[in-house]
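Shown next, in structure tokens, is the structure this report addresses.
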Amino acid sequence: MSAEITPPADPHAVSSAWEDPAGIVGFLTSVDHKRIGVRYIYTAFVFFVIAGLLALVMRAQLAEPKNHLLGPGAYNQLFTMHGTLMIFFFNTPVLAGFGNYLVPLMIGSRDMAFPRLNAFSYWIFVLSGLFIGASLVSGHMPDGGWFAYVPYTNPTFNPGVGMDFWGLGVVFTGISTTVGAVNFIVTIFKMRAPGMTLNRMPIYVWSMLVFGFMVIFAVPAITLAAGLLELDRLFGTRFFDPTGGGNVLLYQHLFWFWGHPEVYILFIPATGMVSTMIAVFSRRKLAGYLWVATALVGVGFISFGVWVHHMFATGMPAMAMSFFSAASLIIAIPSGVLFFAWIATMWSGRVTFTTPMLFCIGFLVIFLLGGVTGVMVAVMPFDWQVTDTYFVVAHFHYVLNGAVVFPIFGALYYWMPKMTGRMLSERLGRWSFWVMFVAFNITFFPMHLLGMEGMPRRVYTYDPSLGWDHLNLLVSAASGFFGLGTGLTFVNIAWSRFRGAPATADPWAADTLEWATASPTPHHNFTAIPVVASRHPLWDKGALTWAETTDDPAGRSLGPDGARTRTTPWTSGADTRPEGHLRVPLDTVVPFLLACAIGVVFLGLLVDRSVIWGLGLALAAVNGLLWAWRTELDAV
Amino acid sequence: MLLAAAGPSILHGDGSESHRLVGVWWLLLGLAVVVVIVVVGLVVVALVRRPGPSSLGDDWWIAAGGVALPVVVLLVVAVATVDATAHLRIRKPDELRVEVVGRRWWWDVRYPGTGVVTANEIHVPVGRPLDIGLDSDNVTHSFWLPDLAGKVDLIPGQHNDLRFTVRQAGVYQGLCAEYCGLEHAKMHFLLVAESPARFETWLAGQRAGALDATGRTVFEQSACAGCHTVRGTEAVGTKGPDLTHLASRQTLAGDTVDNTAAELRAWITDPQSLKRGALMPAVPLSRAQLDAIVAYLRGLR
Ligand SMILES: [Cu+2]
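Below, the structure is given as structure tokens:
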């Protein structure tokens, strides 16, 4: 089924134009979307492990009533860090990392539209992660919850530097997410290979497009929320201080105007991954391509109209809130479309049970349960009972841990061979999946019952008379096994680096363009740009055709010449006519320096020294000028 | 039943609101079970059936399963939502008004027009519509009685009300459901629902000033009086709970411990040993003073 893959020219001849300098210099200056993407993934997983360990400590504390392992102060810091790290520093960036690696390959480009911006966004992510991680190391962790509700996070009730780590860290990392999103959107609209019209774009690319747009509309709200909070904290404004005319609910509105779409910002790329893998392992094209693309866009839109369902207990007028209740229910329809597209695909396909497919199947079950409880909590009066209880903790772990992390693990097994050139062990992979799947459900399912028995969220202890002890013990025990299951995959990745079977260019007999080039991907991705004639270029009859360099300026970078000159074509947004070419910038340290300068600004704000943040601003300005002034061709 | 009988549960349905929501829950659960069985069943069949083309086209699959099925389910859910919303939290004649203020980390309870002030224990008559007014002068809390009604937040700068009726006499566990800082976990309370006659007796008892007992002057002259009120004495502090009828309450410090002489003594000696973050300091007292104060407070029925 898969087309024969024959890059038209000797790859060694071109790769020298793309090689990064060796060692640490190359590490700091690379603008290669693949290096950046892989780095994003690894870095994000470091945060995953840290945040996961924090969760295990919390579960140890809750394993029995009146436990004295942690006091309230420590416990409150742990759940704040757990949520913050998972959402801001694992889930979002890991998906951005996959997108970074895959989107240019899937659309047949040699890099992202703005490679230097890409490097910049990674460095901001790392530095903001280190910034907030410093709170952990220094023992001044924020304790306001990942949602940091005012007035508890106002300086009156929460003095000290802990909350500033959170507020500044969130604004800091928002820069990364935002510029990353712009990069995705422009890349997807302007860098697609000839022939890949919008309706031939892989569903995963659609999902990253929706991701990009959602980020751009949602992230300003959290930046505003955290930014105004920091103005209150650092500069004495009273935006959220009710005793100074500020408004408490304003913060909640701003937070959830980002917070709810954020859930879908994470979920949508995950569905893109699942759609890709299910089709490949069912050996047929995805059912209902247009339905699915429309549903993704639909979810993106609707998700901006549901934020108040996090605020049903705030006493706003029932009439007004009912609107949000209805909108939240409606989201079930596009979700249903996605779900049945996957069922239809498997139904008439020939399913092979590889590890990535197992993770997809696990995802289906978990997502279904999370979706069903999602409908329950969308019912406003019922939500009055279960909101802020373990029922909700269960619900969102089904959707965020289950329906996002499972696809991500599947994606590791599926795409790692392309990234490293080595397969992961299927045997270990299956073990990892089954341990994770079983432990996941034993960890999170009983939480529904705990919530119904009245156990609220964010409590560090409970009395035995409440009857919550048995289920909590069960949950805590299972959570350890869930951690173990994820650990097996990490072991697998480490093992495969040295012992994994070499991956062929297209080990899964897949349909999308990333499999049309060698594994691991050569620096320049494609010697010649592929010409796309269908939605499934590698499943077409006959070999994939490769573009030739043409004489007019628009076509100059299409063929091997483009690879030799470190350029990549750009094309018209809808019908992908070649319009010109982009010089892929040489490696440069400016993005790193600019990110560092911005880091100095945040550091200065944190320690409240205007000299330091003033210096940071000056450095940032210098670096910004340097960036604007140096061209792509200047290696600095 | 799935849920333990011992502790609270949203399925007990002892209040007008929770009772209606128990019905909503069973409807939602029923629909959920049907949907899960159908969909998981389809997934399983899709995985195990012999590969081959489907008699149903892709579009039909999606239209039927992905659109029609959710639409039908959601219509039922929407009707149930509107119906429940329309019946809940509405103003009724002859409501009993109780004013609750969320403090860190305890509940201030007042009965307007009676002068009664108490803490962490709300008494109400069974069968009479209640209007619980909810306020906060500090951070956000949330008032929740799982057996009786859903939550309403106590938001600084905004007054909220929770309206429901208790259907069944009993002592109900209440708690704070919105994270409010250090001792959020120990911000519980009790709601005692009793017959109207017993409620009136209780209210009359609470209305009276404190009994005059030995130890009063020790209390009045100690730091305690700066934070606590004992009505009818010189203790008029407001940072801590009103102690006028402390001995009539079942628990101490937001339902953290039972109200016994030993626990009371332990609490006064070192509040943080029972509730790490409690905003009450350990006041240095001589043994004699401590004895006097404990005896005095134990007498405040
Ligand atoms: Cu509270």
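Each protein sequence line maps, in turn, to chains Z and B. Last residue of the first sequence: 636 in the numbering used here, with the numbers rising by one and none dropped. Last residue of the second sequence: 937 in the numbering used here, with the numbers rising by one and none dropped. C-beta: ideal position from N, C-alpha, C; glycine also. Computed from a predicted structure; not experimentally measured.
Check	Outcome
Within the 7 Å Cβ cut-off, does Y390(Z) reach chain B?	no
Pull up the distance between the alpha-carbon of I80(Z) and that of P220(Z), whole angstroms please.	Rather than Ile, the amino acid found at residue 80(Z) in this sequence is Thr. In a straight line, the C-alpha of T80(Z) is about 21 Å away from that of P220(Z).
If we count the other Cβ atoms within 10 Å of its Cβ and call it buried at 16 or more, is A547(Z) buried or exposed?	buried
Specify, as a first and last residue, the run of the alpha helix (DSSP H) that D767(B) falls within.	Run containing D767(B): none in the alpha helix (DSSP H); it sits in the beta strand (DSSP E), 765–772.
Could you check whether the Cβ of T314(Z) sits closer than 7 Å to any Cβ belonging to chain B?	yes
Taking 8 Å as the cut-off, does the region 210–227 of chain Z touch the region 267–283 of chain Z (at least 3 CB pairs, one atom from each stretch)?	yes
For E856(B), which residues in chain Z fall below 8 Å Cβ to Cβ?	None at all; the shortest Cβ gap to chain Z is about 31 Å.
At 8 Å on the CB atoms, spell out the chain Z contacts of R885(B), in chain order.	Chain Z residues near R885(B): none, gap ~17 Å exceeds 8 Å.
With distances taken from each beta carbon to the nearest heavy atom of ligand 1, which residues come in below 5 Å, in chain order?	H777(B), C812(B), C816(B), M823(B)
Closer than 9 Å between beta carbons: that is the criterion. Which residues of the region 325–350 of chain Z meet it against chain B?	S325, A326, L329, I330, A332, I333, P334, S335, G336, V337, L338, F339, F340, A341, W342, I343, A344, T345, M346, W347, S348, G349, R350
Skipping 5 residues on each side, what residues in its chain have a beta carbon closer than 8 Å to that of E870(B)?	E856, A861
For L140(Z), name the three-state secondary structure that DSSP assigns.	Before going on, a small fix: residue 140(Z) reads as His here, not Leu. If DSSP states are grouped into helix, strand and coil, H140(Z) belongs with coil.
Going by alpha carbons, who is nearest to K418(Z) out of W515(Z), A509(Z), W291(Z)?	W515(Z)
Mind pulling the chain C residues with CB within less than 8 Å of G145(Z)?	Within the model displayed, chain C is absent; protein chains Z and B are what it includes.
Is K728(B) close to chain Z, meaning its C-beta is less than 7 Å from at least one C-beta of that chain?	no
Grouping DSSP H, G and I as helix and E and B as strand, with all else coil, what is P920(B)?	coil
Would you mind stating whether P242(Z) and G793(B) have Cβ atoms separated by less than 7 Å?	yes
Could you have a look at E731(B) and say whether DSSP puts it in helix, strand or coil?	coil
Reducing DSSP to helix, strand and coil, say where Q794(B) ends up.	strand
Quick one: which chain Z residues come within Cβ less than 8 Å of R912(B)?	G71, P72, G73
Between which residues of its own chain and P920(B) is the CB-CB distance below 7 Å, once the five residues before and five after are set aside?	none
Buried or exposed: where does P194(Z) fall if 16 or more other Cβ atoms within 10 Å of its Cβ makes it buried?	buried
Against chain B, which members of the region 416–440 of chain Z pass a CB distance test of less than 8 Å?	none
Within the same chain, show all residues whose beta-carbon is closer than 8 Å to that of P381(Z), passing over the 5 residues directly before and after it, in chain order.	none
Classify A378(Z) as helix, strand or coil using the three-state DSSP reduction.	helix
Relative to the alpha-carbon of A510(Z), which residue among M273(Z), T29(Z), G133(Z), P151(Z) has its alpha-carbon at the smallest distance?	M273(Z)
If the cut-off is 9 Å on Cβ atoms, which residues from the region 378–407 of chain Z count as contacting chain B, listed in chain order?	A378, V379, M380, P381, F382, D383, W384, Q385, V386, T387, D388, T389, F391
Given that T717(B) touches chain Z, what residues does it touch there, using C-beta distances under 9 Å?	S322, S325, A326, L329, A378, V379, M380, P381, F382
Is K66(Z) helix, strand or coil when you go by DSSP?	coil
Alpha carbon to alpha carbon, how far is T568(Z) from V14(Z)?	13 Å
Consult DSSP for L400(Z) and reduce its assignment to one of helix, strand or coil.	helix
Classify S328(Z): buried if its beta carbon has 16 or more other beta carbons within 10 angstroms, exposed otherwise.	buried
Identify which residue in L400(Z), L286(Z), W434(Z), T545(Z) has its Cα closest to the Cα of W697(B).	L286(Z)
Measure from the C-beta of A849(B) to each C-beta in chain Z and report whether the shortest distance is under 7 Å.	no
Can you tell me which of the three DSSP states R583(Z) falls into?	strand
If you measure between the beta carbons of V737(B) and I768(B), is that distance less than 7 Å?	no
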